[in-house]
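Asks: Numbered continuously in the numbering used here, the first sequence closes out at residue 596. Can you keep this structure in mind? I'll have questions shortly.
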Amino acid sequence: MRDALTRLGIEGDPLVRAAQEEQFGDYQSNCAMVLAKRLGRKPRELAVEIIAHLSIAELCEPPEIAGPGFINFRITPAAMARRLGAIPAAGHAGVERLGIERTPRPQRVIVDLSSPNLAKEMHVGHLRSTVIGDCIARVLEFAGHEVLRENHVGDWGTQFGMLVAYLRRIRPEVERNPESLIIKDLEAFYVEAKTQFDADDTFKAQSREAVVALQQGDATTRRIWQAFCEESLRHCHALYGRLGVRLVDRGESYYNELMQEVVARLEQRRQDDPNSAVRLSEGALCVFLEGFKTRDGQPLPLIVRKSDGGFNYATSDLATILHRVEHLGATRIIYVVGLSQKQHFEMLFAAARKVGFVGEEVSLHHLGFGNMLSPGGKPFKTREGGTVKLRDLLDEAVERARRVLQEPREEDWSAGRPDRASLADADMQRIAETVGLAAVKYFDLSHALGSDYKFDLDTMLSLEGNTAPYMLYAYARIRSIGRKAGIDFDALPATDLVLEHPAEIGLAKTLLRFAEVVQVASDELKPNVLTDYMYELSRAFSRFYDKRLGVRVIDASPETIRLSRLRLCDLTARTLKLGLDLLGIATLEQM
RNA sequence: GCGCCGGUAGCUCAGGUGGACAGAGCAUCGGAUUUCUAAUCCGAAAGUCGCAGGUUCGAGUCCUGCCCGGCGCACCA
Numbered sequence: 006m007r008d009a010l011t012r013l014g015i016e017g018d019p020l021v022r023a024a025q026e027e028q029f030g031d032y033q034s035n036c037a038m039v040l041a042k043r044l045g046r047k048p049r050e051l052a053v054e055i056i057a058h059l060s061i062a063e064l065c066e067p068p069e070i071a072g073p074g075f076i077n078f079r080i081t082p083a084a085m086a087r088r089l090g091a092i093p094a095a096g097h098a099g100v101e102r103l104g105i106e107r108t109p110r111p112q113r114v115i116v117d118l119s120s121p122n123l124a125k126e127m128h129v130g131h132l133r134s135t136v137i138g139d140c141i142a143r144v145l146e147f148a149g150h151e152v153l154r155e156n157h158v159g160d161w162g163t164q165f166g167m168l169v170a171y172l173r174r175i176r177p178e179v180e181r182n183p184e185s186l187i188i189k190d191l192e193a194f195y196v197e198a199k200t201q202f203d204a205d206d207t208f209k210a211q212s213r214e215a216v217v218a219l220q221q222g223d224a225t226t227r228r229i230w231q232a233f234c235e236e237s238l239r240h241c242h243a244l245y246g247r248l249g250v251r252l253v254d255r256g257e258s259y260y261n262e263l264m265q266e267v268v269a270r271l272e273q274r275r276q277d278d279p280n281s282a283v284r285l286s287e288g289a290l291c292v293f294l295e296g297f298k299t300r301d302g303q304p305l306p307l308i309v310r311k312s313d314g315g316f317n318y319a320t321s322d323l324a325t326i327l328h329r330v331e332h333l334g335a336t337r338i339i340y341v342v343g344l345s346q347k348q349h350f351e352m353l354f355a356a357a358r359k360v361g362f363v364g365e366e367v368s369l370h371h372l373g374f375g376n377m378l379s380p381g382g383k384p385f386k387t388r389e390g391g392t393v394k395l396r397d398l399l400d401e402a403v404e405r406a407r408r409v410l411q412e413p414r415e416e417d418w419s420a421g422r423p424d425r426a427s428l429a430d431a432d433m434q435r436i437a438e439t440v441g442l443a444a445v446k447y448f449d450l451s452h453a454l455g456s457d458y459k460f461d462l463d464t465m466l467s468l469e470g471n472t473a474p475y476m477l478y479a480y481a482r483i484r485s486i487g488r489k490a491g492i493d494f495d496a497l498p499a500t501d502l503v504l505e506h507p508a509e510i511g512l513a514k515t516l517l518r519f520a521e522v523v524q525v526a527s528d529e530l531k532p533n534v535l536t537d538y539m540y541e542l543s544r545a546f547s548r549f550y551d552k553r554l555g556v557r558v559i560d561a562s563p564e565t566i567r568l569s570r571l572r573l574c575d576l577t578a579r580t581l582k583l584g585l586d587l588l589g590i591a592t593l594e595q596m
């Protein structure tokens, strides 16, 4: 299509995409209508001309023009077989990428994700950033970019003075042996400290002193603080480990010196040009930006140094940008943070550009997401109104998964299905863990990022519909086919594909769309594009394997057909596995 | 008050730069089945896409106004 447009001397996007309905073919192009409008011509005439300049005879049937000027393409089974056949087989280079190429223009990308506060336990509010951020990082990495996952944890501020002082009071041994620190329940520890802080003026004073000591670099205080942060991070990483999330922790404290640098640079700017956007206002050092107003309609600046001389969120965020651009060499920074922070990031980015911290060559992107709500549609809280720990949420999901998985076991015994019924309890626990976590992650990623969603265990653990269990089942089932057919998929040679039956063609068609789907998901940073496809692929497979409308596989004959169908199974399994991997979801060989 | 995001089938949600009668899952109803893992497949019913205007050959999608919900609006992160 692109060539045809070029030959016609027309610039424009071919707008080719999978057809919405089967009657319109496999792919459709809507460009004739768009271009005709621009060129002041009749859409159908232009469509005719475009078709005349196409050279796609060996790819598809002669294209048809329909309606106001749609161009419909129907790929020939032979062409599908060729394309699928070109996907590297087991043992060949590129098999793990299914032949999908890397971007020709790799970037160094920072994904800012998770970012819990170390003073407390991670709670449900951290789930989305962690899961989405990890997925985005995986997708961009797969696309060929160099991705750095930065966990901007909160490890600084007044509350840490309080925590250090409290540790000193009730665990004095920490001072001598900071490495030994274990805090079972971080949340309870914080609450205790806070209660003490509010009730005890002496303790309050000690807390303040600890903050000062921390800032001045007092060795003992820092050791205790560090011990606390490390213990808190161990709590975090227990969860990251379960979730299969890798990231690099870099606390706010890391930027202490850079924050001085940020302020110094801005101060310089202000003094060089008193009329610049950087000005003092009510004693605070501010960056004034266009388009932002306070409640009263006054200009709303980004405050970079408070009137008391202290730093705030904006200061550390600017320092972070400086670090990422100047030290880490990032050309793209993606913040996976809730949508409620939207204005803050707009101001932050505008300010960073205004004061020259980042140039045109660097893109700053706030990938905002909606709230995770309780099943009732209200903010997610415990019955008492407190925050729900992320660990508790995941535990519950796993426990519920275990119950769902165990339900049919009794029947399996009587139905003579030892495949599932014979699973040892340990295996069952492992499977439940995978399924439970997969369900939570998949459910999150299957919603459009910007919208809120209701956390509903029943729905996400359902064995039917667009859920992780359905997808994992589809995968496990295919792997089981390999075992039963006595074929090692990991040693299956490249075979000629035979695509004759509608079920074969339907599956092949869906398989071929994977590369494009990954491309869209990666370009637009939309995980749900991927999940939607995964579901379609799983369904296409179920149809393929259906006893009435599908085809025989394990006992198919002749052997060429059998191998072809097994290869389709394998391609499906590999695609599912890769797709799930991009979502950050582990697969199971058996469930 | 200003700004941003959302309002799509009974429920939960999709809808790539405006495009072919608005899609899916659950739930409902009806089929298939002595299973190559039925944890499946096929089909039906179900929506004036918040409301009212406008732009366009064509609007869930763009513009304006209004209604409803959420979030944000200078020294908290």
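A virtual CB, placed ideally from N, CA and C, is assigned to each residue, including glycine. Small disclaimer: the values here were computed from a predicted structure and weren't measured.
Am I right that residue 457 and residue 375 are in contact with their C-beta atoms under 8 Å? What's the rounded C-beta distance?
Replies: 4 Å
Asks: Return the chain-ordered ranges of every beta strand (DSSP E) run that is complete within the region 213-280 and spans a minimum of 3 residues.
Replies: none
Asks: If we require 3 or more residues per run, which beta strand (DSSP E) segments fall completely within the region 327-375?
Replies: 337-343, 368-374
Asks: Check this for me: beta carbons of residue 321 and residue 264, under 8 Å apart or not?
Replies: Yes, these two residues count as a Cβ contact at 8 Å.
Asks: Using C-beta distances below 6 Å, list every residue in its chain close to residue 354, excluding the 5 sequence neighbours before and after it, in chain order.
Replies: 369
Asks: When DSSP builds the beta bridges, which residues end up paired with residue 34?
Replies: 21, 76
Asks: As a quick exercise: from 582, 593, 352, 500, pick the residue whose alpha carbon is nearest that of residue 435.
Replies: 593
Asks: Assuming contact is defined by CB atoms lying nearer than 8 Å, are residue 574 and residue 486 in contact in what I supplied?
Replies: The Cβ atoms of residue 574 and residue 486 lie closer than 8 Å to each other.
Asks: What three-state label does DSSP hand residue 53 in the structure shown?
Replies: helix
Asks: Applying the 10 Å Cβ sphere with the 16-neighbour rule, what's the burial state of residue 160?
Replies: buried
Asks: So for residue 556, helix, strand or coil by DSSP?
Replies: Correct three-state label for residue 556: coil.
Asks: Apart from the five residues just before and just after residue 238, which ones in its own chain have a Cβ nearer than 8 Å to its Cβ?
Replies: 123, 158, 254
Asks: Does the separation of the CB atoms of residue 497 and residue 94 fall below 8 Å?
Replies: If you check the CB distance, residue 497 and residue 94 come in under 8 Å.
Asks: Grab the span of the beta strand (DSSP E) containing residue 155 for me, first residue to last.
Replies: Note, residue 155: beta strand (DSSP E), 151-156.
Asks: Using only CA atoms, which one of 267, 314, 287, 477 lies nearest to residue 440?
Replies: 477
Asks: By Cβ distance below 7 Å, which residues in the same chain neighbour residue 274 in space, the five residues on each side in sequence not counted?
Replies: Setting aside the 5 residues that flank it on each side, residue 274 is surrounded in the same chain by 281, 283, 360, each with a C-beta closer than 7 Å to its C-beta; the list follows chain order.
Asks: Just tell me which of 567, 522, 499, 589 has its CA closest to the CA of residue 97.
Replies: Of 567, 522, 499, 589, the residue nearest in Cα terms is 499.
Asks: Going residue by residue through the region 58-121, where are the continuous beta strand (DSSP E) segments of at least 3 residues, counting only ones entirely within it?
Replies: 69-71, 75-78, 113-117
Asks: Alpha carbon to alpha carbon, how far is residue 142 from residue 116?
Replies: 6 Å
Asks: In whole angstroms, what separates the C-alpha of residue 278 from that of residue 271?
Replies: 11 Å
Asks: Can you give me the Cβ contacts of residue 506 inside the same chain, cut-off strictly under 7 Å, excluding the 5 residues immediately before and after it?
Replies: 556
Asks: Which value, in whole angstroms, describes the spacing of the CA atoms of residue 164 and residue 513?
Replies: 58 Å
Asks: Measuring straight from C-alpha to C-alpha, what distance separates residue 80 and residue 583?
Replies: 25 Å
Asks: Determine, using beta carbons only, whether residue 438 and residue 393 come nearer to each other than 8 Å.
Replies: no
Asks: Rounding to the nearest angstrom, what Cα-Cα distance links residue 217 and residue 247 in this structure?
Replies: 37 Å
Asks: For the beta strand (DSSP E) containing residue 290, name the first residue and the last one.
Replies: 289-292
Asks: Within the same chain, show all residues whose beta-carbon is closer than 7 Å to that of residue 119, passing over the 5 residues directly before and after it, in chain order.
Replies: 131, 134, 135, 138, 156, 252
Asks: Are the Cβ atoms of residue 577 and residue 516 separated by less than 8 Å?
Replies: yes
Asks: So, are the CB atoms of residue 266 and residue 344 less than 8 Å apart?
Replies: no
Asks: Please state the DSSP three-state secondary structure of residue 199.
Replies: In the structure shown, residue 199 sits in a helix (DSSP, three-state: H, G or I).
Asks: Applying the 10 Å Cβ sphere with the 16-neighbour rule, what's the burial state of residue 250?
Replies: buried
Asks: Assign residue 77 to one of two classes, buried (16 or more other C-beta atoms within 10 Å of its C-beta) or exposed (fewer than that).
Replies: buried
Asks: Could you check where the alpha helix (DSSP H) with residue 145 kicks off and where it finishes?
Replies: 132-148
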